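K.L.:
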(Lines of atoms letter the chains of each structure in order from A and count residues from 1; the text may use other names and numbers.)
(Lines give C-alpha, C1' and ligand atoms only; values in the text may rest on other atoms or scores of the structure.)
Protein backbone atom coordinates (compact mmCIF):
# COMPACT_ATOMS: atom_id res chain seq x y z
CA UNK A 1 0.00 0.00 0.00
CA UNK A 2 1.43 3.34 -1.01
CA UNK A 3 0.55 6.31 1.22
CA UNK A 4 0.76 9.77 -0.46
CA UNK A 5 1.99 11.66 2.62
CA UNK A 6 2.02 15.15 1.10
CA UNK A 7 -1.66 14.91 0.25
CA UNK A 8 -2.63 14.37 3.89
CA UNK A 9 -3.91 17.26 5.98
CA UNK A 10 -2.06 16.13 9.10
CA UNK A 11 1.59 15.57 9.90
CA UNK A 12 2.42 11.99 8.83
CA UNK A 13 5.43 9.70 8.62
CA UNK A 14 6.36 6.14 7.71
CA UNK A 15 8.79 4.11 9.81
CA UNK A 16 10.23 0.60 9.77
CA UNK A 17 7.99 -1.74 11.68
CA UNK A 18 10.84 -3.54 13.38
CA UNK A 19 13.28 -0.75 14.17
CA UNK A 20 10.98 2.26 14.13
CA UNK A 21 13.50 4.25 12.04
CA UNK A 22 11.95 6.99 9.91
CA UNK A 23 11.68 6.22 6.25
CA UNK A 24 9.71 9.24 5.01
CA UNK A 25 7.49 12.07 6.27
CA UNK A 26 5.62 15.04 4.86
CA UNK A 27 6.32 18.74 5.29
CA UNK A 28 3.81 19.08 8.13
CA UNK A 29 5.55 16.32 10.08
CA UNK A 30 8.92 17.93 9.45
CA UNK A 31 7.76 21.26 10.83
CA UNK A 32 5.90 19.79 13.76
CA UNK A 33 8.20 16.94 14.84
CA UNK A 34 11.47 16.55 12.94
CA UNK A 35 12.56 20.16 12.76
CA UNK A 36 10.75 22.23 15.39
CA UNK A 37 11.38 26.01 15.60
CA UNK A 38 15.10 26.73 15.54
CA UNK A 39 16.85 28.33 18.49
CA UNK A 40 19.28 30.40 16.45
CA UNK A 41 20.58 30.99 12.94
CA UNK A 42 23.09 28.12 13.05
CA UNK A 43 20.27 25.63 13.68
CA UNK A 44 18.39 27.00 10.68
CA UNK A 45 21.45 26.59 8.46
CA UNK A 46 21.88 22.94 9.50
CA UNK A 47 18.24 21.99 8.76
CA UNK A 48 17.64 20.41 5.33
CA UNK A 49 14.09 19.87 4.16
CA UNK A 50 12.89 16.22 4.00
CA UNK A 51 16.17 14.62 5.10
CA UNK A 52 15.67 12.82 8.42
CA UNK A 53 19.26 11.73 8.66
CA UNK A 54 20.66 15.27 8.65
CA UNK A 55 19.81 16.11 12.24
CA UNK A 56 18.07 13.00 13.61
CA UNK A 57 20.09 10.19 12.16
CA UNK A 58 19.35 6.96 14.02
CA UNK A 59 16.21 8.36 15.74
CA UNK A 60 13.11 6.20 15.81
CA UNK A 61 9.55 7.35 15.50
CA UNK A 62 9.16 6.57 19.20
CA UNK A 63 12.23 8.65 20.10
CA UNK A 64 10.95 11.63 18.17
CA UNK A 65 7.53 11.47 19.81
CA UNK A 66 8.77 10.51 23.28
CA UNK A 67 7.00 7.13 23.29
CA UNK A 68 7.85 3.71 24.59
CA UNK A 69 9.51 1.58 21.88
CA UNK A 70 6.99 -0.53 20.02
CA UNK A 71 4.00 1.69 20.90
CA UNK A 72 1.04 1.59 18.56
CA UNK A 73 -2.32 3.18 19.20
CA UNK A 74 -3.62 6.69 19.98
CA UNK A 75 -2.97 9.20 22.75
CA UNK A 76 -2.58 12.88 23.49
CA UNK A 77 0.72 14.11 24.84
CA UNK A 78 3.06 17.13 24.79
CA UNK A 79 6.20 16.86 22.63
CA UNK A 80 9.45 18.80 22.89
CA UNK A 81 9.75 21.87 20.67
CA UNK A 82 12.78 23.86 21.73
CA UNK A 83 14.53 25.17 24.81
CA UNK A 84 12.94 28.56 24.28
CA UNK A 85 9.44 27.27 23.43
CA UNK A 86 6.93 25.35 25.58
CA UNK A 87 6.14 21.74 24.77
CA UNK A 88 3.29 21.35 22.31
CA UNK A 89 0.24 19.14 22.78
CA UNK A 90 -0.35 16.71 19.91
CA UNK A 91 -2.66 13.80 19.22
CA UNK A 92 -0.60 10.78 18.04
CA UNK A 93 -1.97 7.80 16.15
CA UNK A 94 0.45 4.98 15.14
CA UNK A 95 -0.86 1.96 13.23
CA UNK A 96 0.58 -0.92 11.22
CA UNK A 97 -0.12 -1.09 7.49
CA UNK A 98 1.02 -3.40 4.72
CA UNK A 99 4.07 -2.38 2.72
CA UNK A 100 3.50 -2.47 -1.01
CA UNK A 101 5.46 -5.26 -2.68
CA UNK A 102 6.70 -6.71 0.62
CA UNK A 103 5.49 -8.99 3.34
CA UNK A 104 7.04 -6.79 6.02
CA UNK A 105 4.50 -4.26 7.43
CA UNK A 106 5.30 -0.61 7.98
CA UNK A 107 4.42 1.87 10.75
CA UNK A 108 2.14 4.72 9.76
CA UNK A 109 2.24 7.66 12.22
CA UNK A 110 -0.16 10.63 12.21
CA UNK A 111 0.43 13.61 14.47
CA UNK A 112 -2.22 16.33 14.90
CA UNK A 113 -1.54 19.68 16.54
CA UNK A 114 -4.13 20.02 19.31
CA UNK A 115 -2.11 22.40 21.46
CA UNK A 116 -4.54 25.33 21.56
CA UNK A 117 -7.53 23.13 22.37
CA UNK A 118 -5.71 21.09 24.99
CA UNK A 119 -4.21 24.14 26.65
CA UNK A 120 -7.61 25.80 26.79
CA UNK A 121 -9.07 22.61 28.24
CA UNK A 122 -6.22 22.30 30.73
CA UNK A 123 -6.56 25.91 31.78
CA UNK A 124 -10.34 25.62 32.01
CA UNK A 125 -10.09 22.43 34.04
CA UNK A 126 -7.43 23.92 36.30
CA UNK A 127 -9.54 27.00 36.89
CA UNK A 128 -12.62 24.94 37.66
CA UNK A 129 -10.85 22.45 39.87
CA UNK A 130 -8.95 25.06 41.89
CA UNK A 131 -11.59 27.80 42.10
CA UNK A 132 -14.09 28.21 44.91
CA UNK A 133 -16.90 27.18 42.54
CA UNK A 134 -18.16 23.65 42.09
CA UNK A 135 -18.31 22.63 38.43
CA UNK A 136 -20.92 20.30 36.95
CA UNK A 137 -21.40 18.78 33.51
CA UNK A 138 -24.87 17.35 32.96
CA UNK A 139 -25.50 14.86 30.11
CA UNK A 140 -29.26 15.09 30.20
CA UNK A 141 -30.34 12.10 28.08
CA UNK A 142 -27.80 9.77 29.70
CA UNK A 143 -28.81 10.89 33.21
CA UNK A 144 -25.11 11.40 33.96
CA UNK A 145 -23.76 14.47 35.72
CA UNK A 146 -20.11 15.01 36.49
CA UNK A 147 -19.63 17.07 39.65
CA UNK A 148 -16.15 18.32 40.54
CA UNK A 149 -14.46 17.58 43.88
CA UNK A 150 -15.00 21.19 44.91
CA UNK A 151 -18.73 20.71 44.31
CA UNK A 152 -18.87 18.03 46.99
CA UNK A 153 -16.40 19.77 49.34
CA UNK A 154 -18.90 22.60 49.78
CA UNK A 155 -21.27 20.09 51.38
CA UNK A 156 -18.70 18.22 53.47
CA UNK A 157 -18.33 15.16 51.19
CA UNK A 158 -15.42 13.54 49.41
CA UNK A 159 -16.08 13.06 45.70
CA UNK A 160 -15.59 9.30 46.14
CA UNK A 161 -18.64 9.18 48.42
CA UNK A 162 -21.02 10.23 45.67
CA UNK A 163 -22.07 9.00 42.25
CA UNK A 164 -22.16 11.20 39.19
CA UNK A 165 -25.94 11.30 38.97
CA UNK A 166 -28.43 14.18 39.29
CA UNK A 167 -30.27 12.21 41.97
CA UNK A 168 -27.28 12.72 44.30
CA UNK A 169 -27.72 16.49 44.56
CA UNK A 170 -31.51 16.29 44.30
CA UNK A 171 -31.54 14.33 47.55
CA UNK A 172 -29.60 17.09 49.32
CA UNK A 173 -31.40 20.20 48.13
CA UNK A 174 -34.22 21.80 50.12
CA UNK A 175 -37.50 20.56 48.68
CA UNK A 176 -38.90 24.06 48.20
CA UNK A 177 -35.75 25.04 46.30
CA UNK A 178 -35.77 21.79 44.27
CA UNK A 179 -39.19 22.66 42.90
CA UNK A 180 -38.00 26.17 41.97
CA UNK A 181 -34.78 24.81 40.40
CA UNK A 182 -36.67 22.34 38.19
CA UNK A 183 -39.08 25.07 37.10
CA UNK A 184 -36.14 27.31 36.18
CA UNK A 185 -34.51 24.44 34.26
CA UNK A 186 -37.70 23.88 32.25
CA UNK A 187 -37.91 27.59 31.44
CA UNK A 188 -34.29 27.50 30.27
CA UNK A 189 -34.97 24.44 28.10
CA UNK A 190 -38.23 25.76 26.63
CA UNK A 191 -36.69 29.15 25.78
CA UNK A 192 -33.75 27.42 24.03
CA UNK A 193 -31.38 29.08 26.49
CA UNK A 194 -32.82 32.59 26.11
CA UNK A 195 -33.91 32.58 29.76
CA UNK A 196 -30.75 32.03 31.84
CA UNK A 197 -30.64 29.39 34.52
CA UNK A 198 -29.79 31.17 37.78
CA UNK A 199 -31.17 30.11 41.13
CA UNK A 200 -30.24 30.46 44.81
CA UNK A 201 -30.84 27.24 46.70
CA UNK A 202 -30.19 25.54 50.03
CA UNK A 203 -28.28 22.27 50.24
CA UNK A 204 -28.05 20.10 53.32
CA UNK A 205 -24.44 19.83 54.54
CA UNK A 206 -23.11 16.48 55.71
CA UNK A 207 -23.07 17.91 59.27
CA UNK A 208 -26.73 18.87 59.05
CA UNK A 209 -26.74 22.63 58.47
CA UNK A 210 -27.87 24.38 55.31
CA UNK A 211 -25.46 25.74 52.71
CA UNK A 212 -26.67 28.54 50.47
CA UNK A 213 -25.55 28.07 46.86
CA UNK A 214 -25.85 30.17 43.71
CA UNK A 215 -26.59 27.75 40.83
CA UNK A 216 -25.79 28.93 37.29
CA UNK A 217 -25.70 26.99 34.02
CA UNK A 218 -26.55 26.83 30.34
CA UNK A 219 -27.22 24.19 27.70
CA UNK A 220 -24.26 23.89 25.30
CA UNK A 221 -25.48 21.03 23.12
CA UNK A 222 -28.93 20.73 21.56
CA UNK A 223 -30.32 17.89 19.47
CA UNK A 224 -30.11 18.97 15.82
CA UNK A 225 -33.34 17.20 14.90
CA UNK A 226 -35.64 17.64 17.90
CA UNK A 227 -34.05 20.68 19.53
CA UNK A 228 -34.01 18.87 22.87
CA UNK A 229 -31.25 19.77 25.35
CA UNK A 230 -28.46 17.18 25.44
CA UNK A 231 -25.68 18.67 27.54
CA UNK A 232 -25.58 21.41 30.11
CA UNK A 233 -22.68 22.81 32.13
CA UNK A 234 -22.65 25.14 35.12
CA UNK A 235 -21.24 26.08 38.49
CA UNK A 236 -22.28 26.11 42.13
CA UNK A 237 -20.96 28.98 44.26
CA UNK A 238 -21.13 28.95 48.05
CA UNK A 239 -22.91 32.17 49.08
CA UNK A 240 -23.71 31.15 52.66
CA UNK A 241 -21.80 34.04 54.22
CA UNK A 242 -23.38 36.58 51.89
CA UNK A 243 -26.84 35.05 52.33
CA UNK A 244 -26.52 34.91 56.11
CA UNK A 245 -25.55 38.57 56.09
CA UNK A 246 -28.52 39.41 53.86
CA UNK A 247 -30.90 37.48 56.13
CA UNK A 248 -29.56 39.26 59.21
CA UNK A 249 -29.86 42.61 57.42
CA UNK A 250 -33.45 41.81 56.43
CA UNK A 251 -34.28 40.76 59.98
CA UNK A 252 -32.65 43.91 61.33
CA UNK A 253 -34.50 46.02 58.77
CA UNK A 254 -37.79 44.32 59.69
CA UNK A 255 -37.07 44.94 63.37
CA UNK A 256 -36.29 48.59 62.67
CA UNK A 257 -39.49 48.86 60.64
CA UNK A 258 -41.51 47.37 63.49
CA UNK A 259 -39.88 49.68 66.02
CA UNK A 260 -40.37 52.62 63.67
CA UNK A 261 -44.07 51.82 63.42
CA UNK A 262 -44.27 51.56 67.20
CA UNK A 263 -42.58 54.95 67.49
CA UNK A 264 -45.03 56.41 64.97
CA UNK A 265 -47.95 54.95 66.90
CA UNK A 266 -46.51 56.24 70.18
CA UNK A 267 -45.94 59.65 68.65
CA UNK A 268 -49.47 59.76 67.33
CA UNK A 269 -50.86 58.69 70.69
CA UNK A 270 -48.74 61.34 72.39
CA UNK A 271 -49.90 63.93 69.87
CA UNK A 272 -53.55 63.04 70.48
CA UNK A 273 -53.01 63.02 74.23
CA UNK A 274 -51.33 66.44 74.17
CA UNK A 275 -53.99 67.77 71.83
CA UNK A 276 -56.94 66.49 73.84
CA UNK A 277 -55.72 66.60 77.44
CA UNK A 278 -57.83 68.84 79.68
CA UNK A 279 -54.91 71.13 80.47
CA UNK A 280 -53.38 73.97 78.46
CA UNK A 281 -50.26 72.83 76.54
CA UNK A 282 -48.13 74.63 73.98
CA UNK A 283 -44.82 73.62 72.42
CA UNK A 284 -41.87 75.50 70.95
CA UNK A 285 -39.07 74.26 68.65
CA UNK A 286 -35.39 75.15 68.94
CA UNK A 287 -35.92 78.22 66.75
CA UNK A 288 -38.49 79.67 69.12
CA UNK A 289 -41.44 78.87 66.84
CA UNK A 290 -44.67 77.58 68.36
CA UNK A 291 -45.41 74.09 66.98
CA UNK A 292 -48.02 72.82 69.46
CA UNK A 293 -51.20 74.59 70.62
CA UNK A 294 -53.67 72.12 72.06
CA UNK A 295 -57.47 72.22 72.25
CA UNK A 296 -57.54 73.36 75.86
CA UNK A 297 -55.14 76.20 75.08
CA UNK A 298 -57.36 77.22 72.20
CA UNK A 299 -60.46 77.05 74.40
CA UNK A 300 -59.21 79.09 77.34
CA UNK A 301 -57.44 81.70 75.21
CA UNK A 302 -60.02 81.82 72.43
CA UNK A 303 -57.05 81.88 70.01
CA UNK A 304 -57.34 79.24 67.21
CA UNK A 305 -54.54 76.76 66.65
CA UNK A 306 -53.89 78.00 63.12
CA UNK A 307 -53.22 81.51 64.46
CA UNK A 308 -50.63 80.30 66.96
CA UNK A 309 -48.75 77.38 65.35
CA UNK A 310 -45.89 78.64 63.22
CA UNK A 311 -45.79 81.97 65.02
CA UNK A 312 -42.63 83.17 66.83
CA UNK A 313 -42.95 82.88 70.58
CA UNK A 314 -41.93 86.50 71.13
CA UNK A 315 -44.84 87.69 68.95
CA UNK A 316 -47.49 85.52 70.57
CA UNK A 317 -49.85 85.77 73.50
CA UNK A 318 -47.40 83.68 75.58
CA UNK A 319 -44.36 85.84 74.89
CA UNK A 320 -43.75 86.16 78.63
CA UNK A 321 -42.68 82.49 78.53
CA UNK A 322 -39.50 83.27 76.55
CA UNK A 323 -37.12 83.03 79.49
CA UNK A 324 -38.47 79.73 80.80
CA UNK A 325 -38.50 78.29 77.24
CA UNK A 326 -34.88 79.29 76.65
CA UNK A 327 -33.94 77.63 79.93
CA UNK A 328 -35.77 74.46 78.87
CA UNK A 329 -33.99 74.43 75.49
CA UNK A 330 -30.70 74.51 77.41
CA UNK A 331 -31.92 71.52 79.43
CA UNK A 332 -32.83 73.60 82.52
CA UNK A 333 -36.45 72.65 83.05
CA UNK A 334 -38.70 75.06 84.96
CA UNK A 335 -41.25 74.04 87.60
CA UNK A 336 -44.36 75.95 88.73
CA UNK A 337 -43.65 79.28 87.06
CA UNK A 338 -46.47 81.79 86.90
CA UNK A 339 -47.15 82.88 83.32
CA UNK A 340 -49.30 85.79 82.16
CA UNK A 341 -51.16 85.13 78.91
CA UNK A 342 -52.61 88.15 77.14
CA UNK A 343 -56.04 87.21 75.85
CA UNK A 344 -58.12 90.31 75.02
CA UNK A 345 -60.79 88.25 73.28
CA UNK A 346 -62.19 86.30 76.23
CA UNK A 347 -65.62 87.51 77.36
CA UNK A 348 -66.56 87.13 81.01
CA UNK A 349 -70.06 86.27 82.17
CA UNK A 350 -70.71 89.82 83.34
CA UNK A 351 -69.91 91.19 79.90
CA UNK A 352 -66.52 92.64 80.77
CA UNK A 353 -63.36 91.75 78.85
CA UNK A 354 -60.79 89.72 80.67
CA UNK A 355 -57.33 90.85 79.54
CA UNK A 356 -55.08 88.11 80.93
CA UNK A 357 -54.93 84.52 81.99
CA UNK A 358 -52.75 83.20 84.75
CA UNK A 359 -51.09 79.83 84.03
CA UNK A 360 -48.94 77.83 86.41
CA UNK A 361 -46.44 76.30 83.95
CA UNK A 362 -43.96 73.42 83.99
CA UNK A 363 -41.55 73.07 81.06
CA UNK A 364 -40.22 69.77 79.67
CA UNK A 365 -37.34 69.49 77.20
CA UNK A 366 -38.09 67.37 74.10
CA UNK A 367 -35.22 65.17 72.86
CA UNK A 368 -34.70 62.55 70.15
CA UNK A 369 -33.10 59.09 70.45
CA UNK A 370 -29.64 60.67 70.22
CA UNK A 371 -30.50 63.02 73.09
CA UNK A 372 -30.51 66.05 70.80
CA UNK A 373 -32.86 68.84 71.89
CA UNK A 374 -35.88 69.20 69.58
CA UNK A 375 -37.79 71.80 71.54
CA UNK A 376 -39.90 71.93 74.68
CA UNK A 377 -43.42 71.42 75.99
CA UNK A 378 -45.06 73.89 78.34
CA UNK A 379 -47.79 72.24 80.43
CA UNK A 380 -49.97 74.68 82.27
CA UNK A 381 -52.72 74.89 84.86
CA UNK A 382 -55.26 77.70 84.59
CA UNK A 383 -55.07 79.45 87.95
CA UNK A 384 -56.75 82.68 86.83
CA UNK A 385 -59.77 82.24 89.12
CA UNK A 386 -57.59 81.03 91.93
CA UNK A 387 -55.34 84.01 91.47
CA UNK A 388 -58.29 86.39 91.47
CA UNK A 389 -59.70 84.73 94.57
CA UNK A 390 -56.29 84.94 96.18
CA UNK A 391 -56.05 88.60 95.34
CA UNK A 392 -59.52 89.15 96.84
CA UNK A 393 -58.50 87.16 99.89
CA UNK A 394 -55.37 89.22 100.30
CA UNK A 395 -57.34 92.42 99.96
CA UNK A 396 -59.91 91.19 102.49
CA UNK A 397 -57.17 90.10 104.83
CA UNK A 398 -55.58 93.51 104.52
CA UNK A 399 -58.98 95.16 105.24
CA UNK A 400 -59.57 93.01 108.31
CA UNK A 401 -56.06 93.65 109.53
CA UNK A 402 -56.57 97.40 109.07
CA UNK A 403 -59.86 97.34 111.01
CA UNK A 404 -58.22 95.37 113.77
CA UNK A 405 -55.45 97.90 114.04
CA UNK A 406 -58.02 100.75 114.27
CA UNK A 407 -60.00 98.97 116.95
CA UNK A 408 -56.89 98.26 118.96
CA UNK A 409 -55.88 101.90 118.66
CA UNK A 410 -59.32 103.17 119.77
CA UNK A 411 -59.45 100.71 122.62
CA UNK A 412 -56.06 101.90 123.77
CA UNK A 413 -57.12 105.50 123.70
CA UNK A 414 -60.35 104.71 125.62
CA UNK A 415 -58.55 102.65 128.19
CA UNK A 416 -56.36 105.61 129.26
CA UNK A 417 -59.11 107.90 130.93
CA UNK A 418 -61.01 104.88 132.16
CA UNK A 419 -57.95 103.77 134.06
CA UNK A 420 -57.83 107.18 135.78
CA UNK A 421 -61.47 106.90 136.77
CA UNK A 422 -60.95 103.41 138.07
CA UNK A 423 -58.00 104.61 140.10
CA UNK A 424 -60.04 107.53 141.56
CA UNK A 425 -62.90 105.19 142.36
CA UNK A 426 -60.54 102.85 144.09
CA UNK A 427 -59.19 105.78 146.08
CA UNK A 428 -62.72 106.79 147.16
CA UNK A 429 -63.51 103.23 148.18
CA UNK A 430 -60.39 103.04 150.26
CA UNK A 431 -61.31 106.43 151.95
CA UNK A 432 -64.78 105.25 152.73
CA UNK A 433 -63.39 102.25 154.51
CA UNK A 434 -61.42 104.47 156.82
CA UNK A 435 -64.48 106.71 157.63
CA UNK A 436 -66.48 103.61 158.49
CA UNK A 437 -63.96 102.64 161.09
CA UNK A 438 -64.00 106.16 162.76
CA UNK A 439 -67.77 106.80 163.25
CA UNK A 440 -69.34 103.57 164.36
CA UNK A 441 -70.57 104.95 167.83
CA UNK A 442 -72.54 107.94 166.55
CA UNK A 443 -74.07 105.65 163.95
CA UNK A 444 -75.27 103.26 166.57
CA UNK A 445 -76.66 106.15 168.71
CA UNK A 446 -78.61 107.42 165.78
CA UNK A 447 -80.01 103.97 165.17
CA UNK A 448 -81.16 103.75 168.78
CA UNK A 449 -82.81 107.16 168.67
CA UNK A 450 -84.65 106.18 165.60
CA UNK A 451 -85.96 103.08 167.29
CA UNK A 452 -87.39 105.10 170.16
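Residue numbers (the numbering used here): 62 to 513.
Backbone N, C-alpha and C fix where the C-beta goes; we use that ideal spot for every residue, glycine too.
Since the structure is predicted, the reported quantities are computational estimates derived from the model, not experimental observations.
Between residue 426 and residue 389, which are expected to be in contact by the criterion C-beta below 8 Å, what is the C-beta distance as a whole number of angstroms?
P.N.:
By one-based count along the chain shown, residue 426 stands at place 365. By one-based count along the chain shown, residue 389 stands at place 328. Indeed, because the Cβ distance is near 5 Å, the residues count as touching under 8 Å.
K.L.:
Using the DSSP secondary-structure output, state which residues sit across from residue 171 in a beta bridge.
P.N.:
One-based indexing of the chain shown puts residue 171 at position 110. In the DSSP output, where bridge partners are listed per residue, residue 171 has 73, 154.
K.L.:
Hey, residue 420 and residue 429: beta-carbon distance below 8 Å or not?
P.N.:
On the chain shown, residue 420 is found 359 positions in, with the first residue counted as 1. On the chain shown, residue 429 is found 368 positions in, with the first residue counted as 1. No, they are not a contact pair.
K.L.:
Mind checking whether residue 78 and residue 210 have CB atoms under 8 Å apart?
P.N.:
By 1-based counting over the chain shown, the position of residue 78 is 17. By 1-based counting over the chain shown, the position of residue 210 is 149. In this structure, residue 210 does not lie closer than 8 Å to residue 78 by Cβ.
K.L.:
Which first and last residues belong to the alpha helix (DSSP H) in which residue 238 is found?
P.N.:
As a position in the chain shown, residue 238 is number 177, starting the count at 1. Start and end: 236 to 251.
K.L.:
Quick one: residues in its chain with C-beta nearer than 8 Å to the C-beta of residue 66, no 5 flanking neighbours on either side, listed in chain order?
P.N.:
Along the chain shown, read from residue 1 onward, the residue named residue 66 stands at position 5. Correct list, in chain order: 73, 74, 75, 85, 86, 87, 90.
K.L.:
Can you give me the C-alpha to C-alpha distance between residue 417 and residue 403, rounded to a whole angstrom?
P.N.:
Position 356 of the chain shown holds residue 417. Position 342 of the chain shown holds residue 403. Going from the Cα of residue 417 to the Cα of residue 403 covers about 5 Å.
K.L.:
With DSSP run on the structure shown, which of helix, strand or coil describes residue 518?
P.N.:
Given a span of 62 to 513 for the chain in the structure shown, any question on residue 518 remains unanswerable.
K.L.:
Please return the same chain residues whose Cβ sits closer than 7 Å to the Cβ of residue 225, not counting the five positions on each side in sequence.
P.N.:
Position 164 of the chain shown, counted from the first residue, corresponds to residue 225. Hits under 7 Å: 205, 206, 207, 208.
K.L.:
Using a threshold of 8 Å, state whether the C-beta atoms of residue 121 and residue 178 are closer than that.
P.N.:
Counting from one through the chain shown, the residue named residue 121 turns up at place 60. Counting from one through the chain shown, the residue named residue 178 turns up at place 117. For residue 121 and residue 178, no; Cβs fall outside 8 Å.
K.L.:
So, at 7 Å on beta carbons, what are the nonlocal neighbours of residue 380 in its own chain, with the 5 sequence-adjacent residues on each side left out?
P.N.:
Taking the first residue of the chain shown as position 1, residue 380 is located at position 319. Closer than 7 Å at Cβ, skipping near neighbours: 374.
K.L.:
Check each candidate in 202, 451, 288, 241 and name the one with the smallest Cα separation from residue 227.
P.N.:
What you label residue 227 is simply residue 166 of the chain shown in a count that begins at 1. Measuring from the Cα of residue 227, the nearest candidate turns out to be 202.
K.L.:
Tell me where the alpha helix (DSSP H) around residue 275 begins and ends.
P.N.:
The residue given as residue 275 occupies position 214 in the chain shown. Segment 271 to 283 is the beta strand (DSSP E) holding residue 275; no alpha helix (DSSP H) there.
K.L.:
Buried or exposed: which applies to residue 231, given that a residue is buried once 16 or more other Cβ atoms fall within 10 Å of its Cβ?
P.N.:
Counted from its first residue, the chain shown places residue 231 at position 170. Under this definition residue 231 is an exposed residue.
K.L.:
Would you kindly report the start and end of the unbroken alpha helix (DSSP H) that includes residue 374?
P.N.:
For the purposes of this step, residue 374 is taken as residue 313 along the chain shown, with counting starting at 1. Neither: residue 374 is in no alpha helix (DSSP H) and is coded neither H nor E.
K.L.:
For the beta strand (DSSP E) containing residue 342, list its first residue and its last residue.
P.N.:
Looking up residue 342 in the chain shown gives position 281. 342 to 346 is the extent of the beta strand (DSSP E) around residue 342.
K.L.:
Could you tell me how far apart the beta carbons of residue 297 and residue 274 are, in whole angstroms, since I believe they sit closer than 8 Å?
P.N.:
Locating residue 297 in the chain shown gives position 236, counting from the first residue. Locating residue 274 in the chain shown gives position 213, counting from the first residue. Sure, about 5 Å apart at Cβ, within 8 Å.
K.L.:
Please check the pair residue 324 and residue 335, which I expect to be a contact at CB under 8 Å, by giving their CB distance rounded to whole angstroms.
P.N.:
Reading the chain shown from its first residue, position 263 is the one you call residue 324. Reading the chain shown from its first residue, position 274 is the one you call residue 335. Actually they are not in contact, since the Cβ atoms of residue 324 and residue 335 sit about 16 Å apart, beyond 8 Å.
K.L.:
Which partner residues of residue 419 appear in the DSSP bridge assignment?
P.N.:
Counting from one through the chain shown, the residue named residue 419 turns up at place 358. DSSP lists 401 as partners of residue 419.
K.L.:
By the 10 Å Cβ neighbour count, where 16 or more other Cβ atoms means buried, how is residue 195 classified, buried or exposed?
P.N.:
As a working note, residue 195 is residue 134 in the chain shown. Buried, since its Cβ has 16 or more Cβ neighbours within 10 Å.
K.L.:
Using a threshold of 8 Å, state whether the C-beta atoms of residue 153 and residue 136 are closer than that.
P.N.:
Counting from 1 along the chain shown, the entry for residue 153 is found at position 92. Counting from 1 along the chain shown, the entry for residue 136 is found at position 75. Cβ distance < 8 Å, so residue 153 and residue 136 count as in contact.
K.L.:
State buried or exposed for residue 282, treating a residue as buried only when at least 16 other CB atoms are found within 10 Å of its CB.
P.N.:
Counting from 1 along the chain shown, the entry for residue 282 is found at position 221. Exposed, since its Cβ has fewer than 16 Cβ neighbours within 10 Å.
K.L.:
Give the single residue among 344, 304, 253 whose Cα lies nearest to the Cα of residue 369.
P.N.:
On the chain shown, position 308 is the one that residue 369 refers to. Checked all of 344, 304, 253; the closest Cα to residue 369 is 344.
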